[in-house]
Structures are given as structure tokens and as C-alpha cells.
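Novice: Straight run, no breaks: the sequence shown in our numbering ends on number 375.
Cβ coordinates follow ideal geometry from the N, Cα and C atoms, glycine included.
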Amino acid sequence: MALPQALSTKAQRAFLGTEAIVVIVMVAIVFGKVADHVDLVQSRYKTIPCYLALFILAEVFELFMAYDALRLRNIIQLVGILLFHSALIVMSALQVHEAHSAIVHDPSANWTTDYVNGGGPGTLWQNVFPFLIVSPVVIGVSWLVMIFFVRQLYHEFGWAIFHVVGANPAAKTMYQFYQVMICLLKFDFFAFVGVTMQLLILVLAKNTAEFGLTIAAIPIVFVLLIGAGLAVQREIKWLMSISLVLMLAAETYFYKLVRFYEPASREQYQTVRATLTTFTIIAFLLLFATFAIGLRCFADFDKGLLKSKMHGQSYRPVGQPYKSNLFGAKKEDGGYGSGAPLGPRVSIE
27 MALPQALSTK
37 AQRAFLGTEA
47 IVVIVMVAIV
57 FGKVADHVDL
67 VQSRYKTIPC
77 YLALFILAEV
87 FELFMAYDAL
97 RLRNIIQLVG
107 ILLFHSALIV
117 MSALQVHEAH
127 SAIVHDPSAN
137 WTTDYVNGGG
147 PGTLWQNVFP
157 FLIVSPVVIG
167 VSWLVMIFFV
177 RQLYHEFGWA
187 IFHVVGANPA
197 AKTMYQFYQV
207 MICLLKFDFF
217 AFVGVTMQLL
227 ILVLAKNTAE
237 FGLTIAAIPI
247 VFVLLIGAGL
257 AVQREIKWLM
267 SISLVLMLAA
277 ETYFYKLVRF
287 YEPASREQYQ
297 TVRATLTTFT
307 IIAFLLLFAT
317 FAIGLRCFAD
327 FDKGLLKSKM
337 HGQSYRPVGQ
347 PYKSNLFGAK
357 KEDGGYGSGA
367 PLGPRVSIE
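1. Please look up how many angstroms separate the CB atoms of H111 and I50, rounded, as I've assumed it's under 8 Å.
2. If distances are taken between C-alpha atoms only, which option among L228, R99, V154 comes closest to D62?
3. Suppose only complete runs of 3+ residues qualify. What are the beta strand (DSSP E) ranges in the region 104-190, listed by chain order?
4. Are V64 and V122 closer than 8 Å when you measure CB to CB?
5. So M207 and I47 are supposed to be a Cβ contact under 8 Å. How far apart are they, rounded?
6. Enumerated in chain order, which unbroken segments of the alpha helix (DSSP H) with a length of 4 residues or greater are wholly contained in the region 193-269?
7. Evaluate V160 with the Cβ neighbour count: other Cβ atoms within 10 Å of its Cβ, from every protein chain shown; 16 or more gives buried, anything less gives exposed.
8. Could you please give the first and the last residue of the uninterrupted alpha helix (DSSP H) stretch that includes Y77?
9. Among residues of its own chain, excluding the 5 on either side of L272, which ones have a beta-carbon nearer than 7 Å to its beta-carbon?
10. How about the region 239-254 and the region 217-225: do they share at least three Cβ pairs that are nearer than 8 Å?
11. Alpha carbon to alpha carbon, what distance is there between L80 and K282?
12. Determine whether the beta carbon atoms of F286 and R299 lie at a separation below 8 Å.
13. Under 8 Å, do K335 and Y204 count as touching if we go by C-beta distance?
14. Does the beta-carbon of L96 have 16 or more other beta-carbons within 10 angstroms, so that it is buried, or is it exposed?
15. Restricting to Cα atoms, I'd like to know which of Y201, W169, Y295, Y279 is closest to C76.
16. What is the C-beta distance between V176 and L104, in whole angstroms, given that I count them as a contact (C-beta under 8 Å)?
17. Nearest-angstrom Cα distance between E277 and G144?
18. Take the Cβ of P162 as the centre, count every other Cβ of all protein chains shown within 10 Å, and call the residue buried at 16 or more, exposed below.
19. Verify whether the separation of the beta carbon atoms of E124 and T73 is less than 8 Å.
20. Is A290 helix, strand or coil by DSSP?
21. Among D326, E88, T138, L66, which has the Cα closest to the Cα of M5?
22. Measure how close the beta-carbons of L274 and L321 come, nearest whole angstrom, since I'm counting them as under 8 Å.
23. Would you mind giving the Cβ-Cβ distance between A54 and L83, rounded to the nearest angstrom? I have them listed as a contact below 8 Å.
24. Given a cut-off of 8 Å on the beta-carbon distance, is the pair L158 and V60 in contact?
25. State the DSSP-derived secondary structure class of L331, mapped to helix, strand or coil.
26. For L313, which of helix, strand or coil comes out of DSSP?
27. Which term fits T138, buried or exposed, when burial requires 16 or more other beta carbons within 10 angstroms of its beta carbon?
28. Grab the span of the alpha helix (DSSP H) containing V60 for me, first residue to last.
29. Going by beta carbon distance, what residues of the same chain come within less than 7 Å of M91, once the five residues before and after it are set aside?
Okay, structure coming up:
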């Protein structure tokens, strides 16, 4: 089976082949080195498996989003991926601090006095520190490379929206808000799964009702987000109204942010408080932005955009050989402007 047309250019293939494998390998090495010397079941060390799971999820999600954006020729989603990638830089940098808090309890100890808890030369911390540093560096460098490729893809995809909605500026703006809404719904799902996964690893016991309810919430939220996507695409007003109300209700889920700092529970989050707080706040802002953009999309219902939403993604660019033959071929090749030269004009004088 041939590769999809979305992989037809070097820029697109390079965009998909980013730093995912390198980052996952670095995180896995850190996990393996720490797991060989400590019991990861202890709450102080749970930041390490949380770190591994979060970055595997993030890299797989980013690859899926990149392929999806290239398949749909959606430059707005590519810009969203750049913002997502910048958030990964922040998260990977925070993980260096939190891994240090989890591992090092005696900064002055070296490998001869306390290999596991020390921070001096030859200790466990000094062994894993280089691998922790590699992740934010690789992600940062790849972010710069991705900016270059997204710029190329911007020019390549420039006519996609024009083909879908025509030259009407109002229709173009409405369609762009629709694309932003669909993109935000995808990132909402990642944010919710990311927060939930961290809570499951860190604090929730498997034999509690809260553990079961938290796991059950994942497919429910997935269905609700799909419903919101269908509502905005097909302009189903009653379903869109329900989706917007549920988005507001879901904002109350972030009451868990208070628990990170309450005296009764703050010790459970000691080594992951910075990452979990940052992640939760970003998820909250994403959901609020989705609600705001959803209101704008709701206001654009019944304004003639339904056909473009339903069938716009069927757009495929004209192949380069065809365009070349149609407009750019040389005269001797039979292109535009070719043909037999005109004979000398006859004067009647």
C-alpha cells in the first residue's frame, strides 16, 4: 500500500521524524537506572514512572497530531503542535528539578558514603543527570527545526482554505475558528488524560472507588469530546449546547489543584507538585479556551459554512507535474505559449 499523499514531501517526512525516539530512550534510561536501585512504589520516587509515562504519551500524541495535520493540510494544527512542543520543553526542564528532589537527600554525600541518596560525584543522581538534561536540549533543538519545516508547510498548504471556502474573508475567518475548535478538542483530550494518568500513578490506591471512577472518566470524556466535534462540524445546535454546558461543568474537576497544597495532602505531591500544577493549569486554560471558541463557532452556525465543514477536507493539491504541464512547460515541450511561430506579416501597401 502506497504512503499517503501527506508524506509526499521531504518537509512533511522530516516533520514526522522528530525527536520522539531520542526523548523516549533518554527517559527510559533514567527510569531503568533509578529502578535498579530504589523501590519505585515509594511515594517519593513515583515522579520517575510518572515522567516516563507522561513523555511516552506526549510523544505518541504529538506524532499522531502531526500526521493528522499533514493529512488534513491543517496549518493551524501545525502551529498548535509548535505550542505543544514548547510546553514539552518546560515540562522536561521541570522534571530535572523534581527528579533531583526525589533522588537527592544528602547533597554532600558521594558514591562511597551514600550512592542512592547522595548528590556528589559518582552517585545515582550524577549518573542520571546527563540523560535528564538531554531531553530538554533535544526537544528545544527539534522545536527550532520544526519551526523551519512548518514555515515550508505554511507555503505549501497556503491555498487549502482558499480552495475550501473561496475568497470570502468572512467565510475564511469562520472556517479558521472551526479549525481552532477541532484542534483544541484534541489537545483537551491529551490534557485530561495526562492529568488523570499522573494522579493514578501518584496518589490513588487501586482498591478505592476514586481510582475506578477516575479510569471510567477517560472513555466518557473521550465520547463527550467526539460529540462536541460532531456538533461543531455538523452544526447540531442541541448537541453543541450540551457540550458547552459540560465544558463549564468540567472546569470543577480542577478542584484537585487545591489538594496539591492542602496541609493534609501536600506531602503526597511533594516531588511532583511543580509539574502537576503546571499541567493542571494548562489543562484548565485549554478547556476554557475551547469553551470560548465554541461560543464563537456556535454563533457561526447557519451561515453557509456547513458544506465546507463536511467536505472541505477532501481537498487535494494539484500534482506538480500536471501544474507544470499546464502552466510552466517550455514552448518546445508543448506548454502554454507553445505552437508554430507566426509567419511574416503581409503588408497591403
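Specialist: Considering the structure as presented:
1. The Cβ separation is near 15 Å, so there is no contact.
2. V154
3. none
4. no
5. About 32 Å; that fails the 8 Å criterion.
6. 195-228, 235-260
7. buried
8. 73-98
9. L250
10. yes
11. 18 Å
12. yes
13. yes
14. buried
15. Y295
16. 5 Å
17. 41 Å
18. buried
19. yes
20. coil
21. This structure gives no information on residue 5, because the portion of the chain shown stretches from 27 to 375.
22. Not confirmed; about 11 Å, so no contact.
23. In fact, because the Cβ distance is near 14 Å, the residues do not count as touching under 8 Å.
24. no
25. coil
26. helix
27. exposed
28. 46-61
29. Q103, I107, K212
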